[in-house]
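Chemist: This is the structure, below, for whatever I ask next.
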Amino acid sequence: MDIQELHRRAIEHAVETVARVPADRLAAPTPCLDWTVRGLLRHMISLNEGFTAAAYGGGADLNVWRNGRIGADHRASFAESAKKAAEAFGEDGVLDRAFDLPEVRRGEAFPGTVAIGFHLVDNIVHSWDIAAAVGLPWEPADDLVAAALTIALRVPDLPETRGPGLAFEPGLDVPEETPDRERLLAVLGRSPAWTPPVQASRRH
50 MDIQELHRRA IEHAVETVAR VPADRLAAPT PCLDWTVRGL LRHMISLNEG
100 FTAAAYGGGA DLNVWRNGRI GADHRASFAE SAKKAAEAFG EDGVLDRAFD
150 LPEVRRGEAF PGTVAIGFHL VDNIVHSWDI AAAVGLPWEP ADDLVAAALT
200 IALRVPDLPE TRGPGLAFEP GLDVPEETPD RERLLAVLGR SPAWTPPVQA
250 SRRH
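Numbered per my numbering, the sequence shown finishes at 253, counting up by one with no gaps.
In structure tokens:
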């Protein structure tokens, strides 16, 4: 398994998903609690910028994980941040570097092989969050889903590693025979059956 190639394709999948988000749906709710599509896109841009900084030794500064901006064109802003992250993780020797990832755990450096896996999972699963929010199909390749599931299953499902303000949500229980796509979502605390809430019609 070439994790750098899988990671590149995961980013490509996220870019393709975001490119199909209409500007008039940025205020739509998402499966991520308290986040609209706009808020989630800003978070995804911030993650791209944070992981990029971490690849070059600057990840310990929490500010680099908080400065994502959508600007006038959400598609272009996300694509630009994704390009930088793809280039950083595509460099020779990047997997041998230590990554500071305060978004995951403060004060601890992670091997590049672990950091790239976290970012791969972020791209695949947040792509579902976006797609579910605006009614787009979510069709990542089977090998991307399998890789993301393998990584997600390695993250301990403990109070100190899952929950509000942390990188991952507590997992949901699903049968072992659940298909990989649905199981990946459930492992990271998402209901595969989630749909946008129905807005009550106004009375006139």
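Cβ coordinates follow ideal geometry from the N, Cα and C atoms, glycine included.
To the nearest angstrom, how far is the alpha carbon of P208 from that of E218?
Modeler: Roughly 9 Å between the two C-alpha positions.
Chemist: Restricting to Cα atoms, I'd like to know which of D51, D192, A235 and E157 is closest to D110.
Modeler: That would be E157, whose Cα lies nearest to the Cα of D110.
Chemist: Across which residues does DSSP place P78 in a beta bridge pair?
Modeler: According to DSSP, which records beta bridges pairwise, P78 is partnered with T85.
Chemist: Indicate the three-state DSSP secondary structure (helix, strand or coil) for R211 in the structure shown.
Modeler: Strand at R211.
Chemist: Near V64, what residues of its chain come up, given a Cβ to Cβ distance below 6 Å and the 5 sequence neighbours on each side ignored?
Modeler: A128 and A131, listed in sequence order.
Chemist: In whole angstroms, what is the alpha-carbon distance linking P189 and F159?
Modeler: Their backbone Cα atoms lie some 26 Å apart in a straight line.
Chemist: Spell out a yes or no on whether the region 199–206 and the region 92–103 are touching, meaning 3 or more CB-CB pairs, one atom from each, closer than 8 Å.
Modeler: Cβ pair count under 8 Å is below three, so no.
Chemist: What separation, rounded to the nearest whole angstrom, lies between the Cα atoms of I165 and A104?
Modeler: Answer to the nearest angstrom: the Cα atoms are 10 Å apart.
Chemist: Where does A68 sit, in a helix, a strand or coil, going by DSSP?
Modeler: Three-state result, A68: coil.
Chemist: Please tell me whether P246 and A182 are closer than 8 Å, where the distance is taken between their beta carbons.
Modeler: Cβ atoms of P246 and A182: not closer than 8 Å.
Chemist: Rounded to a whole number of angstroms, what is the C-alpha to C-alpha distance between L193 and A121?
Modeler: Going by the C-alpha atoms only, they are around 31 Å apart.
Chemist: Would you give the residue range spanned by the beta strand (DSSP E) that A242 belongs to?
Modeler: No beta strand (DSSP E) holds A242; DSSP gives it neither H nor E.
Chemist: Output yes or no for whether 8 Å exceeds the beta carbon distance between V113 and A102.
Modeler: Cβ distance < 8 Å, so V113 and A102 count as in contact.
Chemist: State buried or exposed for R58, treating a residue as buried only when at least 16 other CB atoms are found within 10 Å of its CB.
Modeler: By the 10 Å Cβ count, R58 comes out buried.
Chemist: Report the partner residues of P160 according to the DSSP bridge assignment.
Modeler: Answer by DSSP bridge pairing, in chain order: A147.
Chemist: Excluding sequence positions up to five away, which residues of its chain have a Cβ less than 8 Å from the Cβ of L233?
Modeler: These residues qualify, in order along the chain: I173, V174, V194, A197, L198 and A201.
Chemist: Can you name the residues that DSSP bridges to F217?
Modeler: R211, per the DSSP bridge assignment.
Chemist: Would you report the Cα separation of F100 and A242, rounded to the nearest angstrom?
Modeler: Each residue's Cα considered, the two are about 30 Å apart.
Chemist: Measure how close the beta-carbons of F167 and G108 come, nearest whole angstrom, since I'm counting them as under 8 Å.
Modeler: Rounded, the Cβ-Cβ distance is 12 Å, inconsistent with contact.
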